[in-house]
Structures are given as structure tokens and as C-alpha cells.
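K.L.:
Below: one structure in C-alpha cells.
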Amino acid sequence: MLTERNKVVWNGRQRPLIERQIASFTIRRLRAQYNPAVLLRTDRASRACYRTDGGQIVYGFPDSVVHAQSATDVAETLRMAQREHIPVTCRGGGLTTEGESVANRGILLDLKGMQRLLECDGETAWVEAGMTWHQVAEALRPRGLDYTSAPLNMLSTVGGTLGVGGIDVNSPRHGCAADQAVELEVVTPTGEIVRVGEGDDYFERVLLGYGQFGVITKARLKVRPYRRMAVRHFLYTDIGTALNDMMRIVEADLVDACAVLTLRDDVVALIVGHEGPLAAFPALPLRNNAETLVYARIAARYAMRPWRLGEVGFLMRRKNELLPALLDPMFLDDGMVCDRTVVFSRLIWRYWGGPQIVIPDLAITRANFEAAARRGIDVCKRHFRYFTLYAVMIRKFGNRPRYELSAIPATPDAHVCGIEFSPLLEGARYSRDHFQSFKNAIYDVGLDLGGSFYRFGGVMKPYIRRMFGDEMVDRHRAMKLALDPAFILNRDVVFDPPEAR
Amino acid sequence: MSELNFGDCIGCGLCILGCPAYEETGFDPLTARGRNKALQSGLTASEMTEPIWACTMCGYCDAICPSEVHNVEIVLHLRRELAAVAAAPQTPSSSPAARDIVVGCTIRERAPHLIPSIEAFLARIGRPFKAAVAEGCCGSLDVEAGRSMPSRARAGVVADPICLEQYDAEFLGILAMQHLDLFDLRPPFYYFAPHRVVNRDHARAYPLYDRLRRRFGCDMNLDLNRLARSTAAGSVQGLSGEHSRDIRAAVERLLAHSRAERVITCSPADYLAFKAWSGRETLFITECLR
Chain U
1 MLTERNKVVW
11 NGRQRPLIER
21 QIASFTIRRL
31 RAQYNPAVLL
41 RTDRASRACY
51 RTDGGQIVYG
61 FPDSVVHAQS
71 ATDVAETLRM
81 AQREHIPVTC
91 RGGGLTTEGE
101 SVANRGILLD
111 LKGMQRLLEC
121 DGETAWVEAG
131 MTWHQVAEAL
141 RPRGLDYTSA
151 PLNMLSTVGG
161 TLGVGGIDVN
171 SPRHGCAADQ
181 AVELEVVTPT
191 GEIVRVGEGD
201 DYFERVLLGY
211 GQFGVITKAR
221 LKVRPYRRMA
231 VRHFLYTDIG
241 TALNDMMRIV
251 EADLVDACAV
261 LTLRDDVVAL
271 IVGHEGPLAA
281 FPALPLRNNA
291 ETLVYARIAA
301 RYAMRPWRLG
311 EVGFLMRRKN
321 ELLPALLDPM
331 FLDDGMVCDR
341 TVVFSRLIWR
351 YWGGPQIVIP
361 DLAITRANFE
371 AAARRGIDVC
381 KRHFRYFTLY
391 AVMIRKFGNR
401 PRYELSAIPA
411 TPDAHVCGIE
421 FSPLLEGARY
431 SRDHFQSFKN
441 AIYDVGLDLG
451 GSFYRFGGVM
461 KPYIRRMFGD
471 EMVDRHRAMK
481 LALDPAFILN
491 RDVVFDPPEA
501 R
Chain R
502 MSELNFGDCI
512 GCGLCILGCP
522 AYEETGFDPL
532 TARGRNKALQ
542 SGLTASEMTE
552 PIWACTMCGY
562 CDAICPSEVH
572 NVEIVLHLRR
582 ELAAVAAAPQ
592 TPSSSPAARD
602 IVVGCTIRER
612 APHLIPSIEA
622 FLARIGRPFK
632 AAVAEGCCGS
642 LDVEAGRSMP
652 SRARAGVVAD
662 PICLEQYDAE
672 FLGILAMQHL
682 DLFDLRPPFY
692 YFAPHRVVNR
702 DHARAYPLYD
712 RLRRRFGCDM
722 NLDLNRLARS
732 TAAGSVQGLS
742 GEHSRDIRAA
752 VERLLAHSRA
762 ERVITCSPAD
772 YLAFKAWSGR
782 ETLFITECLR
């Protein structure tokens, strides 16, 4: 609630205190609390580093950066922020695409200083939440172990991933990364350090909680023996056939990993992983097409549309770049990919990265998977010349409370189906309005087909009530307010702040 | 700065994965991504002294960058801006072309006992040249500190990777990897591959060091990206003592998961660092000559 005490005149307008710059006395208090050489930065070079996120569409400049190295640092920061009504934006890998980890004023709380594996008993690993998945893999590999399921982007941190989900190519069997956590250390928005585990309500709220209910500082994750993966791809001329084949082999549990990846809708590839030698790759009941047929169809299609021949050049260039990169001998051993995340992550950034990244995605039921893909492709074609679609399946474990208001819809299905729609800009620049129009059109497809969204940040907020209904959103917002009375933690990501109502 | 492509940085952060400054601090602004984002925000060299001096020139960021940003070149340029240096190359204090082997200041001044074994190795492979006793400083530290431009002189063999900043020459460690049968390399041991060479000349150097790893099953400082992790020992900071990172902590991090009692390397500064901080027997590669 606004009072005279927390209002300030800024540019001639009344602004709530929470949006003003951090007062100098607060900076002084933070300095007194922290070693300024390491933990608190207010110099421009340190702040400029955090000016944008992976999407590079939203920009901001925090007043200060707290570089937390322990849960106590996080707790101190949150207590002070709660007292002074200072917004705190958490940041790990900084790979959000809608500005969720970009601070426009307030404190940017960088958690990457917490990057140690603390203990490992062979079945679980107790890690600090600022570890990137690359660091987790590096620490586990000498023990002959690997994480179970993590994002294909090795730069993501453990804490950020558990807050949003984390999808791997093996998620059809193991579920999302958030489902690999069995215990957490969390700092509440009011600065209490708590340890919670399976069965605790707070544990369920923090997982897939989009950073709204607390800051994860440590996590106990399931781990498993490290295995190499043989990877094959099968081409299709029709997206529906590919998706249906993926659903069939996932439901029959025939493969260790799989995903569908397209270039426009011209080349549709079902990528399948088997954790074992290529010679033992399982026979799969697939209805894929011969490569020659796929390329002949492409040739025929573009022969009838010679004004679009440039697209053939694009397809050929991508094919010639991607396949050798996927099977780079440096990462192969006996024909098997040694480090799938390293290979895929570097592929993603080299061939999908760019100065602007927009990846609207839908989480959809099995019944509407194909329809969502087809309608999404139509949206892509209306907005961009080149695009790619990445479709995966994610195993669900019953209807856990953590799935509420998340990308895992509450349906009886054993899996949820996810689709990312990524424009490939190929050097072209587009306005924010154009990107916004594209995202809205994709989200409208999800709304129409009863899906959910993987990302909630920024512009997604208007869709949350339409997707989940007022009752659920109000219930979660009430939980947020109870835990975070000053509404300081990662505000504006999911819920409207109090002064906006 | 217009010729420097920091504007191409897309902020993916792959560069931080093996950045020694990041490994030590976990602090983004000290990495290539941090510097590039600061430059994209219009900051000048004088506002970025700490990030500029955090770089140890290991070359990890250049090798992994999907946008092919020339991060090392950017740092060198910023250091020259800080030092306000005119773009004049500093040639080595003695003529390098006349000599076949440059052992470098670190070996000459801090580990001269290695010189006989280096000469013996070169003789065994048919390169029987002697290290010049009066060899002067090649000026690579000044180049790396931004106090002068590189001269790119020619020499036959260079024993210290940092001298490759000044010379076009073969590197002793690479020659050693090409003649593994000459060495007594009984496992288990930990091999510290010279990060400058592996990361900056990856296509040529990595397969040689990988072959060593596969043949002997030794632990190494190669990460999952097949790039070399480093200590700051062989950098201008480590060698001059200014702005230095915590070398002891880096040595401990690198050896954290290795049970090998013996460390072998072909990087002279790292040889001294491991000797000082690892608590394990440490050998320069030519000391393993059969």
C-alpha cells in the first residue's frame, strides 16, 4: 500500500519509493555489511555487465550489484531490502529472454559466487545454487557421475533452473531438472535461511516458483552414472508424423533421449539418443522418410517458387554446418557423444544465438501437440523468413503442487509436450513491436489449445490470468505477499506489484 | 575501438566457463562477457581497470566464443589505452633470428637447471642448438601489459609459451608431444598442458595433448569443452606480481580431483607454481627424458 512515507517525487510525478534509486545511506549500510572489494559493487563497469540478459531485448541498469558468496550474504541483502523496500533481482547465468534477470534499479543479486559441490554420496550431490551445469558436470565427472537432467544450456545455474524447470533431451524419461531436486536450502524473501525437502509445502512452492517465493542457495540433486550417448537423426517431410512418432517411442520408453528439431517446416528431424554403443541402437518403429525423398520434395517445392530459392541456400548451409558440428570427432568416442550438453550448448549458441533472441514456447497436452506445432509454424511463417521449432516431451510425476502455475499442466497425461519457436534472424533486425506481436500470436495459440507457458516474464504477465484463472493466480499471489510483504524479490516477473492494483 | 568486435558479443557467457578470473571469484564483470557488455555500454578503458587487469590471456574465451569475438586482442588494446602507448613494436633486446632456441626469462632466471635437459631433448630430435647464455628479454611481458606492440620476430624453438607473444617459432612442448616415446611417462601423473598454446592454437595443439591423455590415461587441465584451464602463473600478472590472481588456489582447484602424485608440464611458470603449491613431485617435460 502506498503511504506518504514511501512516495517520492520524481520527474514531477508521484512514484512509489520502490522505484527510486537506492538511497546513498543504504549503499553505505550495504558497504558496511560487505567487503566492498568483493561483495558489493556500485562502479559502472560492474553494473554494466548486467545490462541485459540472453534475449538482449530488455535493458536495465541496477544501482548496485551484490555478489553473494553464501546464504548469509543473501539473507542479509534480503533483510535490508525488505526493510528499505528495495527491489532485488536474482541472477545466475543471466539467460532469461524476457528480462527476468535484468534489474532496472535496485539490487542485482548475483549468485554465481556460490559455485562449489559440497558433497556427493553417489546418488545425490549437494551443490551451491550458483554452480553452472557445466561446473556440476565437471565436478561429477571425476567421480564417474553425471547430473540426471539439466537444460541443454550449460551456462544456466542450478538455482535459476530449479525455479523454472530445465528441459533436457532425456526429460521424456527423467522429467525436468526441477524434478531432480530432493532437498533445498532457501533464503526466504524476509531473510530466513531454511532447509526443506520432499513433502514440505515450501519446497513445492520454491521449485518451479519463478524465483517468487525465495532464493535457492543450495540443492541436493539426484545424480547417476555417467554414460556416453549414441545419437541418430531421422528425417520427415511432415511435422505431425514426426511428433506422433516421438510420442509413441516415448510412451513405449524405447529410447534414452529424443527431440524434434526443424528448419522452417522443410526439414523435420527426430533426434534420438541411446546411452550405449551405436551398434546396439534399438530398432524403432518410425515412419520417417528417406533423405533423398525429403530433399526431392524440397527441390520440387522450391522449383515451383523460384523467387524463394534463397531459402534453399539457407537450408543447405545449415545442414552442412549442423551435422558435422553435432558429430564433431573431438566429442565422439567410439561413435558416441561424450558430453551431450557441451555439444548441444555450443551448437545452440553458434547457430541459434544472435544479437536478439526470442523464443516463445508452449507447454501443451499430448492431444494438442500436433495442432499447436502446425499453428505455431503458421505464426512463424507470418513473422519471419527463417525459423526453427524444437519439440520435446517432459515426464510428469503425478500432479505435484509444484506443477501448479507452471509449464507442466495439470492433466492426466504421463508427459507434457513442449515446443519452442525460434526465429532465425540471419542478420535481419526487427523491432520490439514485431517480436511482441510474434510472441502474442504464439501465446494465443497456447491459450486457445489449453496449454501453458514455459516463461512468465515481462509481457507474459497479461496471459497468466487468462491461462490459469483468477483463483489460482490470486492464491499464489497471496502466498507471495505473505512471504514477501514488501514485494521486493524478482518483482514484475509474474505478479503485479501491490501499487499496480 | 572501431576495429575491435566487442559489439558482436551476444552475452551467452560460454567464455566464463574456463575463465581463471571467474573460477577464482565467480564474478561476471571480470570476464570477457563482462568487459564486452561494459564496452557496449560505452565505458572507457579508464573505467574498467580491474576487468582489464583480471584477464590472464589464457585464450579460453577466444577459443569458445560462438561469435568469434577477439577478446584477447580487445584486452591488449584496452591495456595499451590505459598505458597510452604509441603503436610502436618493441623488438627483442637481442637478435632472435640468429638463435634457434629461446628459453625465456622464467627458465633463465628462475629455473636454469632445466636448460641442459632442454638442450638434450633438442639434440635427440635433431635440433642440436644451445640456449644463449646472454639471451635478453624478448619483451613479451611489455606486450602483454600493453606497454608495447608485438614485434613478431622469428626464432627456431621457444621454451616458454609467453614468448610466443613476440616470436613466430615452434613451441618446445608441442615438439615434446610429437616425440612422446623419448620420455619416461609412467602413469599415474597429472599433465598441465600450456593453456596459451592449447586454447589459441587449438586445432593443431589439442589433438597432440589429447593423444597424451588417451595413451597414458593421465589427468589433465582439459575441461569438457576440450579447452585448457589455467593458472595465472604464466601471465604478466603472475610473473610481475602486479594485479595477480590467486595462483595457489588455482593449483589446488586444478588438482582437486586428481590423485596423481606426479605433475608434469611444459609451461615453465606453471612448473614453478606446481612445484611451490601442489605438494607433489613436479617435473618439466624434458626432465622426463629417457
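Residue numbers (our numbering), protein chains in the order written: chain U, 1 to 501; chain R, 502 to 791. We treat Cβ as the ideally placed atom computed from N, Cα and C, and that holds for glycine.
Give me the Cβ distance between R/F690 and R/V752, rounded to the nearest whole Å; I'm assuming they're in contact under 8 Å.
P.N.:
So it is not a contact: roughly 15 Å between Cβ atoms.
K.L.:
Under three-state DSSP, which class holds R/A533?
P.N.:
R/A533: helix per DSSP, three-state reduction.
K.L.:
Mind listing the chain U neighbours of R/R749? Cutoff is C-beta to C-beta under 8 Å, in chain order.
P.N.:
Here the premise fails: no neighbours, minimum Cβ distance about 17 Å.
K.L.:
Would you mind reading off the limits of the alpha helix (DSSP H) that contains U/P172?
P.N.:
First-last of the alpha helix (DSSP H) with U/P172: 171–174.
K.L.:
Look up U/K218 in the DSSP assignment and say whether it is helix, strand or coil.
P.N.:
Strand at U/K218.
K.L.:
Does the stretch 195–214 of chain U come close enough to the stretch 269–281 of chain U to have 3 or more Cβ pairs within less than 8 Å?
P.N.:
No, they do not touch.
K.L.:
Please work out which residues of its chain come closer than 6 Å, Cβ to Cβ, to U/A37, disregarding the five sequence neighbours upstream and downstream, and give them in chain order.
P.N.:
A caution first: U/A37 carries a pLDDT of 48, below 50, which makes its placement in the model unreliable, though a value can still be read off. Excluding sequence neighbours, U/A37 sits near nothing in its chain.
K.L.:
DSSP has U/F421 in a bridge; who is on the other side?
P.N.:
DSSP lists U/L389 as partners of U/F421.
K.L.:
In whole angstroms, what is the alpha-carbon distance linking U/E420 and U/F495?
P.N.:
Each residue's Cα considered, the two are about 23 Å apart.
K.L.:
Mapping the DSSP letters down to three states, classify U/W126 as helix, strand or coil.
P.N.:
In this structure, U/W126 counts as strand in the three-state DSSP scheme.
K.L.:
Between U/F281 and the ligand ADP, is the CB less than 7 Å from at least one heavy atom?
P.N.:
Within the structure as shown, the ligand ADP is missing, as the structure has no ligands at all.
K.L.:
Report the partner residues of U/Y59 according to the DSSP bridge assignment.
P.N.:
Note: U/Y59 sits in a beta bridge opposite U/T52.
K.L.:
Show which residues of chain U have a CB atom less than 7 Å away from the CB atom of R/M549.
P.N.:
The answer, in chain order, is A45.
K.L.:
Are R/L755 and R/N722 closer than 8 Å when you measure CB to CB?
P.N.:
In this structure, R/N722 lies closer than 8 Å to R/L755 by Cβ.
K.L.:
Which residues in the same chain have their Cβ closer than 8 Å to the Cβ of U/I239, if we skip the five residues on either side of it in sequence?
P.N.:
Taken in chain order, the residues that qualify are V260, T262, D265, V268, E370, A373, R374, I377, L389.
K.L.:
For U/R515, which residues from the same chain have a beta carbon less than 7 Å from its beta carbon, with the 5 sequence-adjacent residues on both sides left out?
P.N.:
Coverage of chain U is limited to positions 1 through 501, which leaves residue 515 of chain U absent and any answer about it impossible.
K.L.:
Could you check whether the stretch 215–224 of chain U touches the stretch 179–190 of chain U, counting it as contact only if at least three pairs of C-beta atoms, one from each stretch, sit closer than 8 Å?
P.N.:
In short, these stretches touch, since the Cβ pair count reaches three.
K.L.:
Let me know the secondary structure DSSP gives R/T787 once reduced to three states.
P.N.:
Of the three classes helix, strand and coil, the one that applies to R/T787 here is helix, per DSSP.
K.L.:
Please report whether the beta-carbon of U/L155 lies at a distance below 8 Å from any beta-carbon of chain R.
P.N.:
Interface residue, yes.
K.L.:
By the three-class DSSP mapping on this structure, what secondary structure does U/S64 have?
P.N.:
DSSP places U/S64 in strand when its eight states are reduced to three.
K.L.:
Do you know whose CA, among U/D474, U/G398, U/H383, U/D470, lies nearest U/R432's CA?
P.N.:
The shortest C-alpha separation from U/R432 is found at U/H383.
K.L.:
Cα separation between R/A733 and R/R701?
P.N.:
Spanning the two alpha carbons is a distance of roughly 16 Å.
K.L.:
Determine the DSSP secondary structure at R/C664, reduced to helix, strand or coil.
P.N.:
Reduced to three states, the DSSP call for R/C664 is helix.
K.L.:
According to a CB-to-CB cut-off of less than 7 Å, which residues of the stretch 718–739 of chain R neighbour chain U?
P.N.:
So the close ones are D724, L725, N726, R727.
K.L.:
Between the alpha carbons of R/C639 and R/L790, how many angstroms are there, rounded?
P.N.:
Straight-line Cα distance between these residues: approximately 27 Å.
K.L.:
Quick one: is U/T96 near chain R, going by C-beta distance under 8 Å?
P.N.:
For U/T96, the answer is no, since every Cβ of chain R falls outside 8 Å of its Cβ.
K.L.:
How many Å lie between R/T800 and U/P355 at the Cα?
P.N.:
Outside the modelled stretch of chain R, which goes from 502 to 791, sits residue 800 of chain R, for which no answer is possible.
K.L.:
In angstroms with no decimal places, state the Cα-to-Cα distance between R/F775 and U/R44.
P.N.:
Taking the straight line from one Cα to the other gives about 37 Å.
K.L.:
Got a sec: is the Cβ-Cβ distance from U/E84 to anything in chain R below 8 Å?
P.N.:
With 8 Å as the cut-off, U/E84 does not count as an interface residue toward chain R.
K.L.:
Please work out which residues of its chain come closer than 7 Å, Cβ to Cβ, to U/V337, disregarding the five sequence neighbours upstream and downstream, and give them in chain order.
P.N.:
Excluding residues within five positions, the ones whose Cβ falls inside 7 Å are R228, M229, V231, F331, V343.
K.L.:
Looking at chain U, is there any beta carbon in it that lies within less than 8 Å of the beta carbon of R/G512?
P.N.:
Yes, contact with chain U.
K.L.:
Considering only residues of the same chain and omitting the five flanking positions on each side of R/L623, which have a CB-CB separation below 7 Å?
P.N.:
Hits under 7 Å: I602, P629, F630, V658.
K.L.:
Would you please verify whether the beta carbon of R/K538 is less than 8 Å from any beta carbon of chain U?
P.N.:
Yes, because at least one Cβ of chain U sits closer than 8 Å to the Cβ of R/K538.
K.L.:
Examine chain U for any beta-carbon lying closer than 8 Å to the beta-carbon of R/T783, and answer yes or no.
P.N.:
No, its Cβ sits nowhere closer than 8 Å to a Cβ of chain U.
K.L.:
For U/T161, list the residues DSSP reports as bridge partners.
P.N.:
DSSP lists no partner for U/T161.
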